[in-house]
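Colleague: There's a structure below that I have some questions on.
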Amino acid sequence: KRQQKVARQIQKDLGDIFQREVPHLFNGAFITVTNVRVSPDLSIARVYLSFLATKNKELLLDTIREKSRTLRQLLGERVRHQLRIVPDLQ
């Protein structure tokens with residue numbers, strides 16, 4: 320139950336981050352967070368994404384992986400009062 324709550328919160332917050340805070344990092348591509356699965360110890364979050372308005376999806380995915388540290392930091396600012404450990408994003 321806790322895993323599901325954390326996963327929903329991360330999905331909502333990451334969706335907001337992609338849409339409102341950092342669309343300039345990804346050349347205006349429309350990125351949707353479709354699903355999030357969290358490990359039982361809440362240390363790893365596997366994030367599933369959907370892309371629109373982009374030609375090269377592999378290049379966009381590589382860019383997201385490079386910027387994952389920035390995304391994790393932005394996520395940490397949003398969930399710092401709910402979670403003790405901000406999960407690694409995969």
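Quick note on the working numbering: the sequence shown kicks off at 320 and runs consecutively.
Note that beta-carbon positions come from the ideal geometry of N, C-alpha and C, so glycine has one too.
All values derive from a computational prediction rather than experimental measurement.
If you check the beta carbons only, do L333 and K386 fall under 8 angstroms apart?
Modeller: Here the question's residue 333 lines up with position 14 in the sequence shown. Here the question's residue 386 lines up with position 67 in the sequence shown. Result no, Cβ atoms of L333 and K386 do not sit closer than 8 angstroms.
Colleague: Between the C-alpha atoms of V405 and V355, what's the straight-line distance to the nearest angstrom?
Modeller: The sequence position of residue 405 within the sequence shown is 86, counting from 1. The sequence position of residue 355 within the sequence shown is 36, counting from 1. Roughly 14 angstroms separates the two Cα atoms.
Colleague: Give the DSSP-derived three-state secondary structure of D407 in the structure shown.
Modeller: As a first step, residue 407 must be located in the sequence shown, where it is residue number 88. Residue state, collapsed to three classes: strand.
Colleague: Could you say which of I329, R321, Q322 and K324 lies nearest to Y367 if we only look at CA atoms?
Modeller: The count along the sequence shown starts at 1 and reaches residue 367 at position 48. Minimum Cα distance to Y367 is reached at I329.
Colleague: Determine the contact status of V352 and F370, defining contact as a CB-CB distance below 8 angstroms.
Modeller: Residue numbering aside, residue 352 sits at position 33 when the sequence shown is read from its first letter. Residue numbering aside, residue 370 sits at position 51 when the sequence shown is read from its first letter. No, they are not a contact pair.
Colleague: How long is the line joining the alpha carbons of Q322 and V341, rounded to whole angstroms?
Modeller: What you label residue 322 is simply residue 3 of the sequence shown in a count that begins at 1. What you label residue 341 is simply residue 22 of the sequence shown in a count that begins at 1. The straight-line gap from Cα to Cα measures roughly 26 angstroms.
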